[in-house]
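The structure under discussion appears below in the form of structure tokens.
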Amino acid sequence: MKTSNLKKKSFKLRVYYYDTDKMGVVYHSNYLKWMEMARTEYFRDVFPYKNMEDMGFILPVKTLNIEYVNSAQYDEEIEIFVKIEEINNIKIRFSYEMYNLENVLKAKAETVNVFVDEKGKLKRISNELLEKIIK
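Okay, here's the thing in structure tokens:
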């Protein structure tokens, strides 16, 4: 199910020294952490991860694609926009765009997350839960 009608949600953070290398440039793996934070905040507004876990669902990343456009730097404030691009009963495809406050694109990415049970086996969500997520 395509979800072009869903709005982007955003999450802001500041780049701290521990996020960077010796030159003050954000280390590449920190973008992944930021994407996880943005996804968690996205779900906090629609259907918290904790509630999904209580229902026996975990949502790990299956695939990840990221393009680093401009290096994020120490002490910059970054706004991460996250949106569900596609969702069905077994997976969700998210898009991410990361900008500084001067609206300079730092990175863009996409993840596909799948619904699994506690043992890591694919587990379909109900149509009712699907509707709660995309409301």
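Heads up, the sequence shown is in UniProt numbering, so the first residue is 1 and it goes up one at a time.
For every residue, glycine included, the Cβ atom is placed at its ideal position computed from N, Cα and C.
{"query": "Range of the contiguous beta strand (DSSP E) that encloses Leu105", "result": "105 to 114"}
{"query": "Inter-stretch contact (C-beta, 8 Å, three-pair minimum) for the segment 52 to 63 and the segment 101 to 114", "result": "yes"}
{"query": "8 Å CB neighbourhood of Leu122 in its chain, flanking five on each side removed", "result": "Ile90, Val114, Phe115, Val116"}
{"query": "Bounding residues of the beta strand (DSSP E) (the contiguous stretch that carries Leu64)", "result": "61 to 68"}
{"query": "N- and C-terminal bounds of the beta strand (DSSP E) containing Ser95", "result": "91 to 100"}
{"query": "First through last residue of the alpha helix (DSSP H) which encompasses Ile134", "result": "127 to 134"}
{"query": "Identity of the residue in Val104, Arg124, Tyr68, Leu129 nearest Leu32 by Cα", "result": "Tyr68"}
{"query": "Nearest residue (CA-CA) to Asn30, options Ile87, Met55, Ala109, Lys132", "result": "Ala109"}
{"query": "Cβ neighbour criterion (16 or more within 10 Å) applied to Met35", "result": "buried"}
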